[in-house]
Amino acid sequence: MSDLDDLVRCCTTLIETQGYRFETGIPGVGALPAWRVAQTNVLLPVLLRLAEEFWRSETKGAGFGLKLEPDTLSVTGYTLTGLYHVPLSIALLALNAVLRTIADAEGRITLEVLTTYAQTVTG
12 MSDLDDLVRC
22 CTTLIETQGY
32 RFETGIPGVG
42 ALPAWRVAQT
52 NVLLPVLLRL
62 AEEFWRSETK
72 GAGFGLKLEP
82 DTLSVTGYTL
92 TGLYHVPLSI
102 ALLALNAVLR
112 TIADAEGRIT
122 LEVLTTYAQT
132 VTG
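Every number in our numbering is 11 more than the matching position in the sequence shown, counting from 1.
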């Protein structure tokens, strides 16, 4: 299993270094900080689930071995508790591909676009 602290740090660094900005669309709120987006109970469960679907579609391979636990206090309704069957590097590459797909030219990702993409990919 990949260490979740390492996963959170790497995802935070990926978001920051690639210039992605997650905007809420709420006037006066602005963008969510990368460290917040990458928390296991915020957007990371959705982002890794989308990365897993991307990986499957591109490689016809197996899933990531994501372990998601229902959590009524989390942003998405789930908390990520494990990543078991894929190296962290592969998960990050797939995640970056997804973020490149949904970000605009300036690196902005709105929650609306993320939601629409997620619904399209996961049906």
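For every residue, glycine included, the Cβ atom is placed at its ideal position computed from N, Cα and C.
These numbers come from a predicted model, not from an experiment.
Comparing C-alpha positions only, which one of the options sits nearest to residue i?
i     : options                           : result
Ala62 : Phe75, Leu106 and His96           : Leu106
Tyr3  : Gln130, Glu123, Ala114 and Leu122 : The first residue shown for the chain is 12 and the last is 134, placing residue 3 beyond what the model contains.
Given this structure, state the Cα-to-Cα distance separating residue i from residue j, to the nearest angstrom.
i      : j      : result
Asp14  : Thr51  : 12 Å
Leu94  : Leu58  : 13 Å
Leu77  : Ile101 : 13 Å
Leu25  : Leu54  : 14 Å
Gly88  : Lys71  : 28 Å
Thr127 : Val40  : 21 Å
Trp66  : Val97  : 10 Å
Is DSSP giving residue i helix, strand or coil here?
i      : result
Tyr89  : strand
Leu54  : coil
Glu123 : helix
Take the Cβ of residue i as the centre, count every other Cβ of all protein chains shown within 10 Å, and call the residue buried at 16 or more, exposed below.
i     : result
Leu84 : exposed
Between residue i and residue j, how many whole angstroms is the CB-CB distance? I'm expecting something under 8 Å.
i     : j     : result
Pro56 : Leu91 : 5 Å
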